[in-house]
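Written out below as structure tokens is the structure these notes cover.
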Amino acid sequence: MRLALIFLLAAAIAFAERQVAITIDDLPRGGDAGSCGGDLLAFNRAFLVPLRAARIPFSGFVNEGRCQEKLGAAGLGAVLRPWKEAGAELGNHTAGHPNYHQTPREEFFAGILEGARVTEQVIGVPVKYFRHPFLHMGKTLEDKRALETFLRAHGYVIAPITIDTSDYVYAAIYPQAKDAPTRQRIRTDYLRHMEELFSFFEKRSREVLGREIAQTLLIHANQLNRGARTGSSR
Ligand SMILES: [Zn+2]
């Protein structure tokens, strides 16, 4: 009994020492089939509720061109303002989410400059962090160095991640689920997937570095992540 309690306490202490930064890509909405559908302001406000309530530090990475036709600059600003008010750090994820491995360099760089105009207005200071679409940093060392140089010249810091998930796979089927039990099943399996990934990367950290590092999690601003954390069925 006492031993069990010690194990529990040890687990609790180990858990308390773990740190994870939550980073959410593809704002104002992405990574699921219903990309720009619905009321995006309401969606983003609902997405923020559990994060605010838990007082969790988090960041959002914006694709300013993603829902441009629907929102316009003023609409995007209105969607991003609640993120700022919630204390989120807002970063640049390019305007149109191009793949650096398939896009001419100058075109990709132009997309970075296009990707922070509204965000900058909302946060009132230059955007500091950059997240690569698809996490693609360059097919060759030369491409990678060129992008790093460009980002540095424009005052950007690259925001890497340590826990990459397949949330977009679950997110793609989630909005199409035909009923509440099916959505629940997807959410449950998704959370299991996340716990397995955390365990894997925590173990990997111990194996490689002999300790657990502060992790950075990547998820996307989709309906699944809103539902999985709020427990809402839609
Ligand atoms: Zn993305």
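In the working numbering, the protein residues as written are -11 to 222. Each residue gets a CB set at the ideal place from its N, CA and C atoms; glycine is no exception.
Gly65 sits close to Val106, with the two beta carbons spaced by under 8 Å.
For His181, the enclosing alpha helix (DSSP H) begins and ends at Ala168 to Leu197. With 6 Å as the limit, the residues whose C-beta approaches any heavy atom of ligand 1 more closely are Asp13, Asp14, His81, His85 and Pro121, in sequence along the chain. For a cut-off of 8 Å, the C-beta gap from Gly84 to Asn51 is around 7 Å, short enough to register as a contact. Contact check for Leu78 against Gly99 fails: the beta carbons are separated by 8 Å or more.
Closest in alpha carbon position to Lys72, among Ile111, Leu101 and Ala61, is Ile111. Distance from Tyr117 to Ala141 at the Cβ level is roughly 15 Å; contact not present, criterion being Cβ atoms closer than 8 Å. Ranked by Cα distance from Gly103, the first of Leu179, Asp14 and Lys132 is Asp14. Looking at Arg17, Pro114 and Phe138, the one whose alpha-carbon comes closest to that of Cys55 is Arg17. Using a Cβ distance threshold of 8 Å, Lys132 and His89 do not count as a contacting pair. With the rule of 3 Cβ pairs closer than 8 Å, the segment 148 to 158 counts as touching the segment 171 to 183. In terms of Cβ geometry, Asp20 and Ala159 form a close pair [threshold 8 Å].
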